[in-house]
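Chemist:
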Amino acid sequence: MEMASSFVDSPYELLLRALTLIPITHYVIGFVLVLWVVVYNFLEFHIVQDLFSGFRGQRVDLTFNSCSQLYHEVISKCTLLHGRYMSTPWLSSPHLQTTFLRFFGRPPVFDYRREIFNTDDGGIVALDWLARSDVMKKENMANDEVHQDSKMPIVIVIPGLTSDSDSVYIKHLTFYMAKRGWNVVVSNHRGLGGVPLTTDFFYNGGWTADLRKVVKHIRSQNPDVPLFVVGTSLGANMMVKYLGEDGDDILIDGAAAVCCPWDLLLCDRFIGRNVVQRFYDKALGAGLKRYAKKHQQFFTRLSDWDGIEKARRVREFDTSGTCRVGKFDTADIYYRESSCVGYVRRIKVPLLCISALDDPVCTKEAIIWDECRANKNVILATTQHGGHLGYFDGMDAKGVWWVRAVDEYLTILCSSTIIHKQVAIPDSLLVGPQKSIVDKEPYMRLVNKTENQIHVDNLPQTTKIFMERKIVSDAKGFEGSSSIDKFIFFLKRFMEQF
Numbered sequence: 001m002e003m004a005s006s007f008v009d010s011p012y013e014l015l016l017r018a019l020t021l022i023p024i025t026h027y028v029i030g031f032v033l034v035l036w037v038v039v040y041n042f043l044e045f046h047i048v049q050d051l052f053s054g055f056r057g058q059r060v061d062l063t064f065n066s067c068s069q070l071y072h073e074v075i076s077k078c079t080l081l082h083g084r085y086m087s088t089p090w091l092s093s094p095h096l097q098t099t100f101l102r103f104f105g106r107p108p109v110f111d112y113r114r115e116i117f118n119t120d121d122g123g124i125v126a127l128d129w130l131a132r133s134d135v136m137k138k139e140n141m142a143n144d145e146v147h148q149d150s151k152m153p154i155v156i157v158i159p160g161l162t163s164d165s166d167s168v169y170i171k172h173l174t175f176y177m178a179k180r181g182w183n184v185v186v187s188n189h190r191g192l193g194g195v196p197l198t199t200d201f202f203y204n205g206g207w208t209a210d211l212r213k214v215v216k217h218i219r220s221q222n223p224d225v226p227l228f229v230v231g232t233s234l235g236a237n238m239m240v241k242y243l244g245e246d247g248d249d250i251l252i253d254g255a256a257a258v259c260c261p262w263d264l265l266l267c268d269r270f271i272g273r274n275v276v277q278r279f280y281d282k283a284l285g286a287g288l289k290r291y292a293k294k295h296q297q298f299f300t301r302l303s304d305w306d307g308i309e310k311a312r313r314v315r316e317f318d319t320s321g322t323c324r325v326g327k328f329d330t331a332d333i334y335y336r337e338s339s340c341v342g343y344v345r346r347i348k349v350p351l352l353c354i355s356a357l358d359d360p361v362c363t364k365e366a367i368i369w370d371e372c373r374a375n376k377n378v379i380l381a382t383t384q385h386g387g388h389l390g391y392f393d394g395m396d397a398k399g400v401w402w403v404r405a406v407d408e409y410l411t412i413l414c415s416s417t418i419i420h421k422q423v424a425i426p427d428s429l430l431v432g433p434q435k436s437i438v439d440k441e442p443y444m445r446l447v448n449k450t451e452n453q454i455h456v457d458n459l460p461q462t463t464k465i466f467m468e469r470k471i472v473s474d475a476k477g478f479e480g481s482s483s484i485d486k487f488i489f490f491l492k493r494f495m496e497q498f
């Protein structure tokens, strides 16, 4: 009897009885709260922080040398860099910012003017031009003239890894700057932008040869026009490395680097650190594999094709493909030698660097704080939020903050007294006036764009070929489709943007 009584009075049984008295709705509410906390931390939301700040955003932090003339004459006049960045409230997560850019970035619709630039080694680089006249749809220019104001400054845009002029963030940048009066040209990497590979030389994170040739080509055609370069993501790494390599011999007047990885080895460690980062790693790796399959005839001859097909991460692809093509012994050696961090101290032209501390692709651990303090020509602007190239602001998420910040910086720099002036253009760069050969025989219709591919047949060895390139909004392609079709479309588009 005593044993039965002790069993009935067991504290565990009493606890279970007490738990059964709690209404089921309370359990549901508790589960939802726990789930919300887990998701909030997992996706790095900051809506609570925004709420406590009164939705005013956080101040942009500037790092620079106290004796920097660039800061006192240019950056001090940039209102956006001295203000606050407040992300769109319903995109209060770096992952939402980054994926929204790829899924629902709503890129503007416009026409590029394409120039096919042939390098000395037989390679092809597609240069996509956009001027104010193209954005405003003016058609009062002669057919034998390039659609750009020869007196306006030129901005060369370098896309990120496997990105090209069709990428959403590139369209936002080029459209905004062209509308503001700049002549903008996107320098697509080899094998991207719809043009085929024609040589065994492929681009990588430290490949600066093509950028140097493109700058030299554009400078030779426009010796008296201010020339700037804007690099994004991996393209920023390539651009900063190029600036440091050329030092005093640089042919541009200023530059801006947005979401630069700085140290590729640190970013490689970071991107495989946790579940969320590994998702980006696989997405970027998938983009590299698509690039390799598109040019399989070259990769099968020069790299470990079996290793490329099995690659699921960027590092695995670099080990089997990039290292063998670029003649690097290991992936770590490739990352170390291709990182731009060691070249920052050699930069001699004004450079603005914009980075988000919550960037899910390029870790803040690699940001060049000390290098910026040591070089008077470099200004670092960091924001608490923004994601990777996202930076949407406003309730409608139509604006991209970093695009406006870069435009404001270059506008003030262009009219400043410290802009880098080319003392003398080498005679080797000076060329006589050339007429555009737009839509004229025998070159017309040599480049045809079908199904997002540009097939080049019997391309002549000429300095440049201009052609009209119609950019049609991808959104029109799925109007009226089912929800499943739309989801598949968005997923495919997300993967392609990386």
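Read in order, the letters of the sequence shown correspond to residues 1 to 498 in the numbering used here.
Cβ atoms here follow ideal geometry from the backbone N, Cα and C, with glycine treated the same way.
1. Please classify Met-136: is it buried, with 16 or more other beta-carbons within 10 angstroms of its beta-carbon, or exposed?
2. Tell me whether the stretch 165 to 185 and the stretch 103 to 114 touch, counting them as touching only if at least three CB pairs, one residue from each stretch, are closer than 8 angstroms.
3. Quick one: what does DSSP say Arg-273 is sitting in, helix, strand or coil?
4. Who does Thr-129 pair with in a DSSP beta bridge?
5. Locate the beta strand (DSSP E) running through Leu-197, then write down its first and last residues.
6. Return yes when the Cβ of Tyr-169 is within less than 8 angstroms of the Cβ of Leu-243, no when it is not.
7. To the nearest angstrom, how far is it from the Cα of Thr-20 to the Cα of Trp-402?
8. Could you check which residue in Ser-355, Phe-328, Asp-224 has the C-alpha nearest to that of Ile-154?
9. So what's Arg-56 in DSSP terms, helix, strand or just coil?
10. Could you tell me if Leu-35 is buried or exposed, where buried requires 16 or more neighbouring beta carbons within 10 angstroms of its beta carbon?
11. Taking DSSP as the reference, what is the three-state secondary structure of Ser-167?
12. Quick check on Arg-313: does DSSP put it in helix, strand or coil?
13. Taking the straight line between their C-alpha atoms, what separation do you get for Arg-404 and Ala-256?
14. Please state whether DSSP places Ser-233 in a helix, a strand or coil.
15. Alpha carbon to alpha carbon, how far is Lys-327 from Asp-200? Give it in angstroms, no decimals.
16. Let's test the definition: count the other Cβ atoms within 10 Å of the Cβ of Met-1 and tell me whether it reaches 16, buried, or not, exposed.
17. Anyone know if the C-beta pair for Val-361 and Ile-418 falls short of 8 angstroms?
18. What residue does the beta strand (DSSP E) around Ala-255 start on, and which one ends it?
19. With three or more C-beta pairs closer than 8 angstroms as the rule, is the stretch 344 to 353 touching the stretch 364 to 378?
20. Cβ atoms of Tyr-85 and Gly-386: under 8 angstroms apart, would you say?
21. Do you know offhand how far Val-214's Cα is from Ser-165's?
22. Report the residue from Val-28, Leu-15, Trp-90 whose alpha carbon sits nearest the alpha carbon of Phe-45.
23. For the beta strand (DSSP E) containing Val-157, name the first residue and the last one.
24. Taking the straight line between their C-alpha atoms, what separation do you get for Arg-190 and Ser-163?
25. Rounded to whole angstroms, what's the CA-CA distance from Arg-59 to Gln-384? Just pull it up for me.
26. With a threshold of 8 angstroms, are at least 3 pairs of Cβ atoms found where one atom belongs to the stretch 90 to 99 and the other to the stretch 352 to 360?
27. Based on the DSSP output, what are the partners of Asn-118 in its beta bridges?
28. Report all residues from its chain with a CB closer than 7 angstroms to the CB of Ser-320; omit the five preceding and five following residues, and keep chain order.
29. Compare the Cα-Cα distances from Ser-233 to each of Glu-245, Asp-393, Thr-300, Cys-353 and report the closest residue.
30. Hey, out of Val-32, Met-152, Asp-249, Asp-263, whose CA is closest to Arg-132's CA?
31. Please work out which residues of its chain come closer than 6 angstroms, Cβ to Cβ, to Cys-340, disregarding the five sequence neighbours upstream and downstream, and give them in chain order.
32. Since I believe Ile-368 is in contact with Leu-380 (beta carbons under 8 angstroms), could you give me their beta-carbon distance rounded to a whole number of angstroms?
33. Taking C-alpha atoms, which residue in Phe-31, Asp-134, Val-38 lies nearest to Val-185?
34. Does DSSP put Phe-490 in a helix, in a strand, or in coil?
35. Using the three-state DSSP reduction, which class does Arg-190 fall into: helix, strand or coil?
36. To the nearest angstrom, how far is the alpha carbon of Lys-364 from that of Val-258?
Modeler: The answer reads as follows:
1. exposed
2. yes
3. coil
4. The residue you asked about is not Thr; residue 129 is Trp in the sequence shown. Beta-bridge pairing links Trp-129 to Arg-113, Val-185.
5. Element bounds for Leu-197: n/a, residue is neither H nor E.
6. no
7. 55 angstroms
8. Asp-224
9. coil
10. exposed
11. coil
12. coil
13. 12 angstroms
14. coil
15. 12 angstroms
16. Caution applies to Met-1, whose pLDDT of 46 falls short of 50 and renders its modelled position unreliable; the value that the coordinates give is listed next. Per the 10 Å Cβ criterion, exposed.
17. no
18. 254 to 258
19. yes
20. yes
21. 15 angstroms
22. Trp-90
23. 154 to 158
24. 11 angstroms
25. 8 angstroms
26. yes
27. Ile-124
28. Ser-303, Asp-304, Gly-307, Ile-308, Ala-311
29. Cys-353
30. Met-152
31. Asn-237, Val-240, Lys-241
32. 7 angstroms
33. Asp-134
34. Bear in mind that a pLDDT of 47 at Phe-490, under 50, signals an unreliable position, so the model cannot answer this.
35. coil
36. 13 angstroms
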